[in-house]
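2 protein chains.
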Amino acid sequence: MFPEFATYIKAQANLSDHDIELIHSKAIEKKLRRKEFLLHQGEVCRYKIFISKGLIRTYATREQGSEHILRFSAENSWTTDPESFEFDTPSSLNIDAIEHSELVLWTKDDLRYLITNIPGLKTYFDKLMTSSGSLFRQRILSNISSTAEEKYEDFVKNYPEISARAPLHMVASYLGVTRKTLTRIRHAQVKGK
Amino acid sequence: MFPEFATYIKAQANLSDHDIELIHSKAIEKKLRRKEFLLHQGEVCRYKIFISKGLIRTYATREQGSEHILRFSAENSWTTDPESFEFDTPSSLNIDAIEHSELVLWTKDDLRYLITNIPGLKTYFDKLMTSSGSLFRQRILSNISSTAEEKYEDFVKNYPEISARAPLHMVASYLGVTRKTLTRIRHAQVKGK
DNA sequence: GTAGAAACGAGACAAATGTCCTCGCATCCG
DNA sequence: CGGATGCGAGGACATTTGTCTCGTTTCTAC
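Taken in order, these protein sequences are the chains called L and D.
Going by our numbering, the first sequence opens with residue 1, and the numbers climb by one from there.
Going by our numbering, the second sequence opens with residue 194, and the numbers climb by one from there.
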């Protein structure tokens with residue numbers, strides 16, 4: 001788990017072996033089985049989570065129990081509830097595993113310590129934040145301007161891995177449409193060819 | 194224009210008079226008449242823009258000329274195209290004025306200089322980024338999980354000022370529905386009472 | 001390997017939303 | 001002051017999307 005992270009972060013940031021050791025010393029490794037939860041809504045999200053293997057979903061639920069996926073996180077990506085993590089408030093989100101997954105976690109205090117003491121890590125997280133902002137804007141634009149079919153096509157194009165691995169009803173939940181709509185779209189595309 | 198900004202920023206960040214002067218020395222003031230553009234798609238967005246008075250929209254257009262509003266910015270808020278601003282790439286967004294507006298602008302280089310030399314300003318922008326991320330997540334969640342009526346209600350609740358000042362078809366464009374849908378919702382609400 | 005659960009597709013119908021059009025009113029500007 | 005324009009409303013109809021439900025297939029855990 002940590003070795004995969006080390007490989008990834010070395011490629012993304014300029015870090016010395018000593019830096020890596022320091023980061024390692026604060027890391028918590030964790031395995032999650034399918035459907036196992038890392039965070040239930042109502043709990044405080046105490047960790048920033050790196051996914052070294054597997055597939056994780058971060059989602060909200062509404063009154064009637066419907067689930068709405070805010071983010072999929074596969075290998076070499078991150079998740080957390082930023083608000084709960086930052087302000088120690090109860091989270092409104094759930095995080096669980098779609099596949100058996102392997103994670104590396106850091107607490108807020110440890111992460112803050114690492115970031116202030118490792119400039120290369122700070123640079124990396126700044127980049128990460130910039131690009132996540134950009135993805136947010138793209139997603140909003142797609143949401144307000146595209147048809148369901150375009151949204152689905154964009155999703156498949158941007159996340160071919162995830163669209164192949166996540167069940168269809170979860171993709172629907174991510175896109176904000178029903179399972180039915182998505183099957184219709186797929187059917188139409190097959191016929192269209 | 195700058196005085197309004199100074200009042201605002203003093204309330205938001207811990208800055209000395211000297212800091213304010215320094216920020217002032219880099220600021221560019223600009224007035225924009227209704228429908229006047231600050232940025233056309235294809236241009237590079239060279240400024241981070243503070244709105245001291247008026248109402249600004251930031252939007253994308255699609256093939257058929259439809260407009261999709263990414264953000265409204267009224268007094269005491271900011272806008273820019275973050276990607277174009279950051280990387281000097283041609284913007285895909287347009288920025289224009291819904292009302293006669295007064296703005297204060299800074300270039301990227303000047304802003305970077307100010308942020309590195311004024312810690313209080315850095316703290317302020319970090320906070321701003323955090324809260325804008327949080328708003329993005331809320332908006333995405335609303336987009337994928339709410340009915341058009343709920344989206345409209347949320348918008349009115351969260352931005353009563355803007356919903357009163359922006360024309361209905363622009364609110365529709367922000368929410369990702371047609372003007373028609375919005376008038377229907379309003380009509381239904383009136384009847385419902 | 002097998003039992004149970006999960007995922008998928010689809011039919012029938014209902015509801016929501018979009019498209020295209022016209023109208024009327026207010027406002028703005030020459 | 002008068003014509004042009006922007007804006008909101010709404011009728012008529014088409015299209016999209018959702019709901020509910022069922023049966024089949026596929027996957028998974030033991």
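Where a beta carbon is used, it is the ideal one built from N, C-alpha and C, also for glycine.
CB contact flag (residue i, residue j, <8 Å)
i         : j         : result
Tyr174(L) : Phe72(L)  : yes
Glu222(D) : Val297(D) : yes
Ala290(D) : Arg226(D) : yes
Met170(L) : Arg57(L)  : yes
Leu15(L)  : Leu114(L) : no
Ile288(D) : Phe230(D) : yes
Thr282(D) : Ile242(D) : no
Asp212(D) : Ile311(D) : yes
Ile355(D) : His68(L)  : no
Arg372(D) : Ala381(D) : no
Lys31(L)  : Glu102(L) : yes
Close-in-space but distant-in-sequence residues of the same chain around residue i (CB under 7 Å, 5 per side omitted)
i         : result
Lys386(D) : Note that Lys386(D) scores 36 on pLDDT, short of 50, meaning its location in the model is unreliable; the coordinates nonetheless yield the value given after this. No residues qualify anywhere along the chain.
Tyr345(D) : Leu368, Leu375, Ile378
Ala13(L)  : Gly120, Leu121, Thr123, Tyr124
Lys35(L)  : Asp96, Ala97
Ser270(D) : Ile244
Cross-strand partners of residue i (DSSP beta bridge)
i         : result
Tyr47(L)  : Thr107(L)
Thr61(L)  : Glu67(L)
Glu102(L) : Lys31(L), Lys53(L)
Phe85(L)  : Per DSSP, none; premise fails for Phe85(L).
Ser270(D) : Ile244(D)
Leu93(L)  : Ala60(L)
Leu39(L)  : Ile95(L)
Phe72(L)  : Arg57(L)
Residues of its chain near residue i, where Cβ-Cβ distance is below 8 Å and the 5 sequence neighbours each way are ignored
i         : result
Asp110(L) : Lys26
Glu292(D) : Arg227, Gly247, Leu248, Arg358
Leu93(L)  : Leu39, Gln41, Cys45, Thr58, Tyr59, Ala60, Leu70, Asp81, Ser84
His217(D) : Phe195, Ala199
Thr116(L) : Lys122
Arg62(L)  : His68
Own chain, CB closer than 6 Å to residue i, minus 5 neighbours either side, in chain order
i         : result
Glu197(D) : Ser245
Glu342(D) : Ile378
Gly65(L)  : none
- request: Would you check if the segment 321-336 of chain D and the segment 128-141 of chain L touch, i.e. whether three or more CB-CB distances between them fall below 8 Å?
  value: yes
- request: Taking a Cβ distance cut-off of 7 Å, strictly less, list which residues of the segment 144-165 of chain L are near chain D, in chain order.
  value: Residues Ile144, Ser145.
- request: Determine which residues of the segment 120-138 of chain L have a Cβ less than 8 Å from any Cβ of chain D, and write them out in chain order.
  value: Met129, Thr130, Ser132, Gly133, Ser134, Phe136, Arg137
Short-range partners of chain D found in the segment 15-45 of chain L, where Cβ spacing is below 9 Å: none
query: Name the residues in the segment 80-93 of chain L whose C-beta lies less than 7 Å from a C-beta of chain D; which are they?
result: Pro82, Glu83, Glu86
- request: Using a Cβ-Cβ cut-off of less than 8 Å, list which residues of the segment 356-382 of chain D approach chain L; keep chain order.
  value: Ser366, Tyr367, Leu368, Gly369
- prompt: At a Cβ cut of 8 Å, what residues of the segment 106-119 of chain L count as close to chain D, listed as they run along the chain?
  reply: none
field: the segment 242-256 of chain D: positions lying closer than 8 Å to chain L by Cβ
entry: Ala253, Arg255
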